[in-house]
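Just so you know, we're using our numbering here: the sequence shown kicks off at 738 and counts up by one.
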Amino acid sequence: MAQLPERTVPDLTGYLTHAGHVLETQLSAALAEIGLTLRMQCVLRHALEAERTQIQIAELAYMDKTTMVVTVDALEEAGYAERKPAATDRRARVIAVTDAGAKIAAEGQKIVDRVHADVLNALATPQRKPFVDAITTLVDGPLSTPTTAQPVRRSRQRTS
């Protein structure tokens, strides 16, 4: 029987993937209490930061176009956002947050902050800042940009 290769460093992918998944489920459950999804909160937050198009927000939020459209449709239906022409380019459409959307986004941010604080509070006080500093260093440095796999170029197949 083949042997499992020995690990020489901790499984960062496993740890970070698991932690991210669990944190997303906790955030989703908490935001559901006010009728928001995590994606809705994320879109509202990015739209409040600056005038941005749907495509720009989708990139910032790591959403595909279809998910973004569904999310913005839900925000519009709830009265939290609307698509409007951009101030600088009338052909472009931006996501504008309504007053009700800004209010719910503020409530959502309090929830997000509470969930994040609960997670950090699981660490001893002296561990919190170094942990946040370390993860920030990784995200701002070697984990800042995804690597895109280049497709393998195949030679043309001959047909008979």
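For each residue, glycine too, the CB sits at the ideal point set by N, CA and C.
With fewer than 16 other Cβ atoms inside 10 Å of its own Cβ, Tyr799 counts as exposed.
In this structure, Ala818 places its C-beta atom within 8 Å of the C-beta atom of Ala784. Nearest neighbour of Ala843 by Cα position, chosen from Val876, Gln740, Val780, turns out to be Val780. Under the DSSP assignment, Arg820 falls outside any alpha helix (DSSP H), being part of the beta strand (DSSP E) whose first and last residues are 818-822.
Here Val876 carries a helix assignment [DSSP, helix/strand/coil]. Between Ile792 and the set Thr835, Leu749, Ile848, Val831, the nearest pair of CA atoms involves Val831. Note on Gly772: under 16 other CB atoms within 10 angstroms of its CB, so exposed under the neighbour-count rule. Taking 4 residues as the minimum length, the alpha helix (DSSP H) runs contained wholly in the region 762-804 are 775-786, 791-797, in order along the chain.
Inter-segment contact for the region 850-869 and the region 751-764 is present: three or more beta-carbon pairs are separated by less than 8 Å.
Here Arg830 carries a strand assignment [DSSP, helix/strand/coil].
Take Val809, set aside five residues on each side of it, and the residues of its chain with a beta-carbon closer than 8 Å to its own are Val780, Gln791, Ala818, Arg820, Ile832, in chain order. The alpha-carbon of Ala861 is positioned some 26 Å away from that of Gly878.
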